[in-house]
Amino acid sequence: MKDIRSCNAEEMKQIVLSYGEKPFRGKQLMEWVHGKQAETFDEMSNLSEKLREKLKEDYIISGMKIIEKQISKKKDTAKYLFSLSDGNVIESVWMKYRHGNSVCISSQAGCRMGCTFCASTLTGLTRNLTAGEMLSQIYEIQRETGERVSNIIVMGMGEPLDNYDNLVKFVRLVSEENGLHISQRSITVSTCGLVDKIRDLMEEQLQITLAISLHAPNDDIRRQTMPVANTYSMDDIFKVCREYFAKTGRRITFEYSMIRGVNDKKEHALELAKRCRGLNCHINLIPLNEVKERDCLRSTAEDIDRFKIILENNRINVTIRREMGSDIDAACGQLRKKYIERTDN
Ligand code: SAH
Numbered sequence: 049m050k051d052i053r054s055c056n057a058e059e060m061k062q063i064v065l066s067y068g069e070k071p072f073r074g075k076q077l078m079e080w081v082h083g084k085q086a087e088t089f090d091e092m093s094n095l096s097e098k099l100r101e102k103l104k105e106d107y108i109i110s111g112m113k114i115i116e117k118q119i120s121k122k123k124d125t126a127k128y129l130f131s132l133s134d135g136n137v138i139e140s141v142w143m144k145y146r147h148g149n150s151v152c153i154s155s156q157a158g159c160r161m162g163c164t165f166c167a168s169t170l171t172g173l174t175r176n177l178t179a180g181e182m183l184s185q186i187y188e189i190q191r192e193t194g195e196r197v198s199n200i201i202v203m204g205m206g207e208p209l210d211n212y213d214n215l216v217k218f219v220r221l222v223s224e225e226n227g228l229h230i231s232q233r234s235i236t237v238s239t240c241g242l243v244d245k246i247r248d249l250m251e252e253q254l255q256i257t258l259a260i261s262l263h264a265p266n267d268d269i270r271r272q273t274m275p276v277a278n279t280y281s282m283d284d285i286f287k288v289c290r291e292y293f294a295k296t297g298r299r300i301t302f303e304y305s306m307i308r309g310v311n312d313k314k315e316h317a318l319e320l321a322k323r324c325r326g327l328n329c330h331i332n333l334i335p336l337n338e339v340k341e342r343d344c345l346r347s348t349a350e351d352i353d354r355f356k357i358i359l360e361n362n363r364i365n366v367t368i369r370r371e372m373g374s375d376i377d378a379a380c381g382q383l384r385k386k387y388i389e390r391t392d393n
């Protein structure tokens, strides 16, 4: 059974045509699925019963259920654990800012990239999410909070570019006029640096912000924590970043999680600054969220500040990520991991 929430306007038109219906029924279907975010075919009252029955035979609506919700003490962050239609669980995070609400969504159940500090990858990759399942995380959170989402970050569980086609489809669907109509400029996609896929993404003419998880100033250190560094070198990454900027005009963000004694020394900051020279980029320093199964520790606040100052002195744009929700298992995959452990026992 295919997921109707993964279909766009053109596909819906083709679906109704294949059932012998008029093209405008496709528009009505689109309005139900992505406009009103219908959860059943039965509520699509202006479609004939015959058409609804046909749809039911061939399609599902990829809804998901909230099985757990944690709210931070300051009430500005909520973490959701969702159960998918096949019983898999994923997590998403809602963050309230003065300028609007952001949702951080998952792109896969699990992950196969194997970064040594990350909880998402502990149980490997279970499966890719469909475009509809990426959308459903936002639909459900909007419904539950009663508030509109204005920014999306694809930085939850999973490697979005390892689920490339569904990711691109999701970006187009969520920014469609008939859907949530969220500007692509308000969407950030974070990747561990799958260089070939970044090159493909460049050709899609999307307006999204690309964030690359760098977490190291050189290949030796990067290979200690990120297996993907054995496939793509820092030179490969910086080369593709320059191409990406030349092609799209979009500034790249680098994420740099600060791990004590591993990547947080003065010489690392200088080496990173040298690498970034001349590239229009922004570095986001992330105080590591310590994960119990991983032995990586968070850099001290002093070391993080020193690192930032060295970058600034070298005229690199840099910010330290504001910590939200550290009291609610905010690091990728932590909540899901706990849930799986509980249900396994
Ligand atoms: N696979 C994508 C997106 C997933 S995670 C990627 O690698 O970019 C989003 C960001 O959080 C990544 O930069 C990731 O490396 C980082 N991250 C994962 N676990 C973390 C932890 N425990 N503490 C701090 N950052 C973490």
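The end of the sequence shown is residue 393 by my numbering, with every number in the run present.
Where a beta carbon is used, it is the ideal one built from N, C-alpha and C, also for glycine.
Own chain partners of Met161 with C-beta closer than 8 angstroms, once the 5 adjacent residues on each side are dropped: Reading the sequence shown from its first residue, position 113 is the one you call residue 161. Closer than 8 angstroms at the Cβ level, and outside the excluded window around Met161, lie Thr169, Glu207, Asp210, Cys240, Met274, Pro275, Val276.
Those residues which DSSP pairs with Trp142 across a bridge: Counting from 1 along the sequence shown, the entry for residue 142 is found at position 94. Answer is Ala126, Val151, bridged to Trp142.
The beta strand (DSSP E) enclosing Cys329, as first and last residue numbers: Here residue 329 corresponds to residue number 281 of the sequence shown, with the count starting at 1. Cys329 -> beta strand (DSSP E) spans 329-335.
Per-residue DSSP class, three states only, for Asp90: Working through the sequence shown from its first residue, we reach residue 90 at position 42. Of the three classes helix, strand and coil, the one that applies to Asp90 here is coil, per DSSP.
Reduced DSSP secondary structure (H/G/I, E/B, other) of Leu173: As a working mapping, residue 173 is identified with position 125 in the sequence shown. Of the three classes helix, strand and coil, the one that applies to Leu173 here is strand, per DSSP.
Proximity test, Gly206 beta-carbon vs the ligand SAH heavy atom, cut-off 7 angstroms: Counting from 1 along the sequence shown, the entry for residue 206 is found at position 158. Because some heavy atom of the ligand SAH lies under 7 angstroms away, the Cβ of Gly206 counts as near it: yes.
Where Leu258 sits in the DSSP three-state scheme: Within the sequence shown, numbered from 1, the residue matching residue 258 stands at position 210. If DSSP states are grouped into helix, strand and coil, Leu258 belongs with the strands.
Runs of beta strand (DSSP E) wholly within the stretch 188-216 (minimum 3 residues, chain order): Taking only runs of at least 3 residues, the beta strand (DSSP E) segments lying wholly in the stretch 188-216 are 199-202.
Thr174 versus Met182: straight-line alpha-carbon distance, rounded: Here residue 174 refers to the residue found at position 126 when the sequence shown is read from its first residue. Here residue 182 refers to the residue found at position 134 when the sequence shown is read from its first residue. Approximately 15 angstroms, taken between the alpha carbons.
For Asn278, three-class secondary structure by DSSP: Along the sequence shown, one-based indexing puts residue 278 at 230. Three-state DSSP puts Asn278 in a helix.
Counted within 10 angstroms of its Cβ, other Cβ atoms place Gln62 as buried (16 or more) or exposed: In the sequence shown, the residue the question calls residue 62 occupies position 14. Classification for Gln62: exposed.
Member of Gly204, Val141, Ala179 whose CA lies at the smallest distance from the CA of Cys159: Looking up residue 159 in the sequence shown gives position 111. Closest option to Cys159, Cα to Cα, is Gly204.
The ligand GDP heavy atom lying under 7 angstroms from the CB of Asn337: This structure simply doesn't include the ligand GDP; it includes the ligand SAH instead.
With 16 other Cβ atoms within 10 Å as the buried cut-off, status of Gln185: As a position in the sequence shown, residue 185 is number 137, starting the count at 1. Flag for Gln185 reads buried.
C-alpha distance - Lys245 paired with Glu97, whole-angstrom precision: Position 197 of the sequence shown, counting from 1, holds the residue named residue 245. Position 49 of the sequence shown, counting from 1, holds the residue named residue 97. Approximately 43 angstroms between the Cα atoms of the pair.
Any non-hydrogen atom of the ligand SAH within 7 angstroms of Glu139 CB: Residue numbering aside, residue 139 sits at position 91 when the sequence shown is read from its first letter. Because no heavy atom of the ligand SAH lies under 7 angstroms away, the Cβ of Glu139 does not count as near it: no.
Chain-order list of residues whose beta-carbon lies under 6 angstroms from that of Ile119 (same chain, five-residue window excluded): One-based indexing of the sequence shown puts residue 119 at position 71. Contacts found: Ala126.
Met203 CB to nearest heavy atom of the ligand SAH below 7 angstroms: Mapped onto the sequence shown, residue 203 falls at position 155. Relative to the non-hydrogen atoms of the ligand SAH, the Cβ of Met203 comes within a distance shorter than 7 angstroms of at least one.
Near the ligand SAH: Met15 beta-carbon under 7 angstroms from a heavy atom: Limits of the chain in this structure are 49 at one end and 393 at the other, which puts residue 15 out of reach.
Ile115 burial status per 10 Å Cβ neighbour count (16 or more: buried): Working through the sequence shown from its first residue, we reach residue 115 at position 67. Exposed, because fewer than 16 other Cβ atoms sit within 10 Å of the Cβ of Ile115.
Three-state class that DSSP yields for Arg346 in the structure shown: Stepping through the sequence shown from its first residue, residue 346 is reached at position 298. Arg346 sits in a strand when the DSSP states are folded into three classes.
DSSP three-state assignment for Glu116, whether helix, strand or coil: Taking the first residue of the sequence shown as 1, we reach residue 116 at position 68. In the structure shown, Glu116 sits in a strand (DSSP, three-state: E or B).
Selected residue, minimal CA-CA separation from Ile300, among Glu315, Met250, Tyr187: Counting from 1 along the sequence shown, the entry for residue 300 is found at position 252. Here the closest residue by C-alpha is Met250.
Short CB-CB distance (under 8 angstroms) between Leu177 and chain E: Included in the structure is just one protein chain, with no chain E present.
Helix, strand or coil at Val222 [DSSP, three-state]: Taking the sequence shown and counting its residues from 1, the one referred to as residue 222 is at position 174. DSSP, reduced to helix, strand and coil, places Val222 within a helical segment of the structure shown.
Element boundaries [alpha helix (DSSP H), containing Met161]: Here residue 161 is taken as the residue at index 113 of the sequence shown, counted from 1. Premise fails: Met161 is in no alpha helix (DSSP H) and is neither H nor E.
Backbone secondary structure at Val339 - three-state DSSP: Looking up residue 339 in the sequence shown gives position 291. It is coil, neither helix nor strand.
Separation of Phe72 from Arg93, as counted between CA atoms: By one-based count along the sequence shown, residue 93 stands at place 45. By one-based count along the sequence shown, residue 72 stands at place 24. In the sequence under discussion, the amino acid at residue 93 is Ser, which differs from the Arg named in the question. Approximately 15 angstroms between the Cα atoms of the pair.
Leu65, buried or exposed, once every other Cβ within 10 Å from all chains shown has been counted against 16: The residue you call residue 65 lines up with position 17 of the sequence shown. Burial state of Leu65 is exposed, judged by a 10 Å Cβ sphere holding fewer than 16 other Cβ atoms.
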